[in-house]
Amino acid sequence: MAEIAVIGCGHVGLVAVGCFAALGHQVTAVDVDTRRIELLRRGVPAIYEPGLEDLLRDGVESGRIEARDRYPAELDADFVFLAVGTPSSTGGASDLRAVRDAISALAPTLRPNAVIVNKSTVPIGTGNMIAETALSAGDTSVSVVSNPEFLQEGTAVDNFMNPDRVIVGSDDPDAAERVAQLYEDFGAPILRTDIRTAEMIKYASNAFLATKVSFINEMASICDVVNADVTEVARGMGLDDRIGSKFLRAGIGWGGSCFPKDVASLEHTASMSGAHPQLLRDVVEINKEQRRRIVHKIQTALGGVEGRRIVVLGAAFKPNTDDIRESPALEVSDLLRLAGAEVLVFDPHVSAEKIRVEFPRLTVTPDLIDAIEGTDALVLATEWPAFIDLPLAELALGMRTALFIDGRNAMDARAVREAGFTYRCIGRPGLEGGPLEPVTHIDRSNGVGSDHALASNR
Ligand code: UGA
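Numbering (my numbering), first residue to last: 2 to 459.
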């Protein structure tokens, strides 16, 4: 078993801490954020990730995890995994301050023959910069390996333990071999390559997945006008092994802490290096357009959103995480607010405080049933499983006009319609039940709605 240090206790770092400890390694976790470290000392993750808390608690109780908020004089580790944040900065460039700070702080503490293993997503060439910085601290036996992470929030523990592939990039074959051995028991293919190529594999993978989603979203807009069903189109395409069925779910677009930042960073690197990354630019543009498109759909269905009360279901950028970074749900909510709607956001796992930090003008509601009274539309923006089983008929009763916008094509359209809703979705016009009709308010005082009411609440 190895002695491992993990620098940075965000999503990638904490999952590595928990999983390496579960595999029997001795893990030292370091983060300058004292709150995260205090939580970790009690076995509590600072993020919401299914299955992680059990691993951290076991690791802390068994003494296999030690948490530190500063670097010791000597780091007892054969492998030092870097998992610090690399947020987007001006023009899409990655902000590498945390990487630089971590390397300067840890370089003097390394034991001879230690391997620095970089898991942070970094622009191509950063691994070489890390090597130079570490070497300039004096110890020439230190090696650098790029070992990009491919885990998805929400299934991160399983992704770590059952990887599709492991990428090990290094100019030092011995160091690469030692890192590869850490993963050998997983039985996944291990690709050994150079540092820059490993860094590029990470960006190319995320950019391709984002492209796949933007592609199917573009197909969805075409389906909307030619009257085809994008879900069936995706199924038909996905049966071809060369295409594959994953990441072909049309919706209100991609978000999160990785795709937006990584596509922007690759586009930036490419442009700054004289390449012309046209496809990446279009992939981003289609994604922006997807948010505007759903707002337009709501406006068309309601005959304008000014003064309308709209409840948005979901704030997280996808289900099974409380991460709201670049969340399509919140961006759509804010676009609706800017268009004059009264917007209430409901999410079963994201706290109101968290949302208010990013979007102070959005109203967050803790109780869906309370919020529903007098509402004109429900917009499903994050496909939390709890939303799929909503008491739809009951909700429709309290609404002013029962419009359901399924921004993730996640609902059973017939069940939604049977509950009294007018249903709208993405790229499946056949399920929407005929041409759009303008909506006018129902006069609730005498219980009589106008001819064009979406649905009566009585
Ligand atoms: C993504 C990658 O999938 C991971 O492999 C990678 O390790 C990670 O970024 C990272 O670089 O750290 P993640 O950000 O957790 O993982 O999210 P995904 O599950 O990939 O979803 C990204 C976005 O695409 C979400 O907003 C999701 O709703 C959207 N999406 C995904 C779709 O709209 N349709 C799909 O078919 C799939």
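Cβ atoms here follow ideal geometry from the backbone N, Cα and C, with glycine treated the same way.
The Cβ-Cβ distance between Leu345 and Ala372 falls below 8 Å. Excluding sequence positions up to five before and after Ile168, its CB lies within less than 6 Å of the CB of Pro149, Leu192, Ala199 and Ile202, all in the same chain and listed in chain order.
Between Ile295 and Ser215 the beta-carbon gap is near 15 Å, outside 8 Å, which marks them as no contact. Separation of the CB atoms of Leu76 and Leu107 is rounded to 6 Å, and the pair is thereby assigned contact status at 8 Å. Around the Cβ of Met412, a 10 Å sphere holds 16 or more other Cβ atoms; the residue is buried.
Per DSSP, the unbroken beta strand (DSSP E) holding Gln27 starts and ends at Gln27 to Val31. Sequence-distant Cβ neighbours of His26 in its own chain, meaning closer than 6 Å and more than five residues away, are Met2, Ala3 and Ile5. Ligand 1 has a heavy atom closer than 7 Å to the beta-carbon of Thr122. The beta carbon of Asp324 is closer than 7 Å to those of Glu154, Gly257, Ser258, Ala317 and Phe318 in its chain, skipping five residues each way along the sequence.
When beta bridges are read from the DSSP output, Phe405 appears opposite Leu379 and Tyr424. When secondary structure is reduced to three states using DSSP, Arg193 falls in the strand class. Proximity to Leu363 across Arg338, Leu381, His350 and Glu384 peaks at Arg338, based on C-alpha coordinates. For Ala132, the number of other beta carbons within 10 angstroms of its own is at least 16, and it is reported as buried.
Lys262 is positioned such that its CB atom lies no closer than 8 Å to that of Arg425.
With a cut-off of 7 Å, the C-beta of Arg250 is classified as near ligand 1, since at least one heavy atom of the ligand falls inside that distance. Residue Val365 holds the alpha-carbon nearest to the alpha-carbon of His350 among Leu336, Val365 and Pro361.
In this structure, Pro88 has its beta carbon at no less than 7 Å from each heavy atom of ligand 1. Taking non-hydrogen atoms of ligand 1 into account, the C-beta of Asp348 is found less than 7 Å away from none of them.
Annotation: Arg310 is outside any alpha helix (DSSP H); the continuous beta strand (DSSP E) that includes it extends over Arg310 to Leu314. Scanning the region 203-262 from its first residue to its last, the whole alpha helix (DSSP H) runs of 4-plus residues come out as 231-239. Relative to the Cα of Val28, the nearest Cα in the group Gly375, Ser63 and Val227 belongs to Ser63.
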